[in-house]
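This report concerns only the one structure given below.
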Ligand SMILES: Cc1cc2nc3c(=O)[nH]c(=O)nc-3n(C[C@H](O)[C@H](O)[C@H](O)COP(=O)(O)OP(=O)(O)OC[C@H]3O[C@@H](n4cnc5c(N)ncnc54)[C@H](O)[C@@H]3O)c2cc1C
Ligand code: SF4
Ligand code: SF4
């Protein structure tokens, strides 16, 4: 959009916050987003400011706008380490009408329905710390939570925040600043991890939080995953730089009567551990239903299997979907959902039912396919659930 004085509202990506996850590039319907080894950027000659990429971005880096007279080229954006300051830009424009520029910045674009937080959710804090002033947390514990000898090496890592404030709600993520790889020219992108402890800490009343981290043995480029290996190898007493929190919609309703349907694989269980633990501590007698569909290859590879099985069944119903367990028919989460579709449909028709999906992207596609097949007019229902704050998806 251009004003009479020739100003343009340009869509940009904040390189300090972007985790290079490719979600925006996959989402943009007209191919306006591209990347090089360093940055994800928006091509000003293509972007139509439709807003479709804003909701799916896990960090908010995509929701960056500048008012300019000449748009920044993609070559210019490729080398940025920080966003240019918008005020400098405005001051650099002789005769700029500041009011007009600010009005232009405030224009909101949105065509696709976008997830919103549950109405009764607590107000989240985001970006309390950034990579310029990270919080330094101390490792209070690091435990493997999948059985030894299995391929899936998942750790429960407890981080002590000392006297520093990093308020998180169940469903939010924090960013970790990993150390650089040897000979790297730039500092690495931050990595996001869902917090798996409730808002009052892994240990109630202590200023700490916990993460569920899966070790990536090969990142697809023939290297071990940078941040996951760094985190899984941390010893008690080591320090970690944290930024965030991130996420202001994947949150829990603060309503004891709400039904929470939680669907996950692997480390996607992290936010559901946080939500379940909050309910166990503070809302143990419901009356809302907590219902977990949890997919893994085997019991031994299922994070938190032991503690999960000890949870009181009056608190939560657990549907394990194991795809490679000896002596058990192979089932994925989508099979579990298909088997209970009638009950799920009935629950989703109630205004106080919330559906959450978290885990690998492939799981999201399969679950959506089952819902699409089994629920009449699922696409319409999905849009309604999104704008009512009752459908939340976080896949990576
Ligand atoms: C919202 C959110 C929440 C998350 N929560 C969790 C969680 O609770 N637990 C958890 O274990 N993980 C979680 N993740 C994933 C996590 O952020 C990391 O992506 C994961 O740990 C791997 O990071 P890494 O540094 O070990 O691997 P990396 O070294 O970053 O490799 C990971 C992937 O990045 C790609 N990649 C890496 N380098 C390049 C490159 N130079 N060029 C192109 N592609 C490259 C590869 O395809 C590879 O698959 C979450 C992600 C998001 C977005
Ligand atoms: S973090 Fe946001 S802006 Fe960066 S690549 Fe992912 S979706 Fe795009
Ligand atoms: S605003 Fe629309 S056109 Fe522009 S990058 Fe995002 S999805 Fe693409």
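Numbering (UniProt numbering), first residue to last: 1 to 396. Note that beta-carbon positions come from the ideal geometry of N, C-alpha and C, so glycine has one too.
Under three-state DSSP, which class holds residue 119? coil
Could you say which of 159, 222 and 343 lies nearest to residue 241 if we only look at CA atoms? 159
Contact defined as beta carbons within less than 8 Å: I believe residue 341 pairs with residue 374. What is the distance between those atoms, to the nearest angstrom? 4 Å
Would you mind reading off the limits of the beta strand (DSSP E) that contains residue 16? It is not in any beta strand (DSSP E) - residue 16 carries neither H nor E in the DSSP assignment.
Is the region 205-213 in contact with the region 224-243, if contact means three or more CB pairs nearer than 8 Å? yes
Between the alpha carbons of residue 352 and residue 284, how many angstroms are there, rounded? 18 Å
Does the region 191-207 come close enough to the region 161-181 that 3 or more CB-CB pairs lie under 8 Å? yes
Note down the Cα distance separating residue 317 from residue 274, rounded to an integer number of angstroms. 16 Å
Residue 381 to residue 372 span [Cα, whole Å]: 10 Å
What does the Cβ neighbour count give for residue 202, buried or exposed, with the cut at 16 atoms within 10 Å? buried
I'd like to confirm something about residue 52: is its beta-carbon nearer than 7 Å to some heavy atom of ligand 3, or not? yes
Determine the extent of the beta strand (DSSP E) in which residue 41 is found, giving its start and end residues. 40-42
Please classify residue 270 as buried or exposed, where buried requires at least 16 other C-beta atoms within 10 Å of its C-beta. buried
Considering only the alpha carbon of each residue, which of 245, 289 and 131 lies closest to residue 256? 289
Just mark residue 312 as buried or exposed, buried being the case when its beta carbon has 16 or more other beta carbons within 10 Å. exposed
Straight-line gap, residue 386 to residue 392 (C-alpha atoms, nearest Å): 7 Å
Whose C-alpha, out of 247, 73 and 112, is nearest the C-alpha of residue 49? 112
Proximity below 8 Å, CB of residue 264 to CB of residue 358: yes
Rounded to the nearest angstrom, what separates residue 122 and residue 327 at their Cα positions? 44 Å
Kindly examine ligand 2 and report whether one of its heavy atoms sits closer than 7 Å to the Cβ of residue 74. no
Is there at least one non-hydrogen atom of ligand 5 closer than 7 Å to the beta-carbon of residue 27? As presented, the structure is devoid of ligand 5, carrying ligand 1, ligand 2 and ligand 3 as its sole ligands.
I need the DSSP call for residue 190, collapsed to helix, strand or coil. coil
How about residue 62: is its Cβ closer than 7 Å to a heavy atom in ligand 2? yes
Same chain, Cβ closer than 7 Å to residue 17, five either side skipped, listed in chain order: 59, 60 and 61
Which full runs of the alpha helix (DSSP H) of 4+ residues lie inside the UniProt domain "FAD-binding FR-type" (132-252), going along the chain? 226-232
Where the alpha helix (DSSP H) through residue 261 begins and ends: Run containing residue 261: none in the alpha helix (DSSP H); it sits in the beta strand (DSSP E), 259-265.
State yes or no: is the C-beta of residue 131 within less than 8 Å of the C-beta of residue 41? no
Buried or exposed for residue 143, please, with buried defined as at least 16 other CB atoms from any protein chain shown within 10 angstroms of its CB. exposed
List, from N- to C-terminal side, the beta strand (DSSP E) runs of 3 residues or more that fit wholly inside the region 276-354. 290-296 and 317-322
By how many angstroms is the C-alpha of residue 154 removed from the C-alpha of residue 367? 24 Å
Report the three-state DSSP secondary structure of residue 359 (helix, strand or coil). strand
Assuming residue 337 contacts residue 370 (C-beta within less than 8 Å), just tell me the rounded distance between them. 5 Å
Just tell me which of 149, 331, 36 and 165 has its CA closest to the CA of residue 133. 165
Environment of residue 474 [buried if 16+ CB atoms lie within 10 Å]: The first residue shown for the chain is 1 and the last is 396, placing residue 474 beyond what the model contains.
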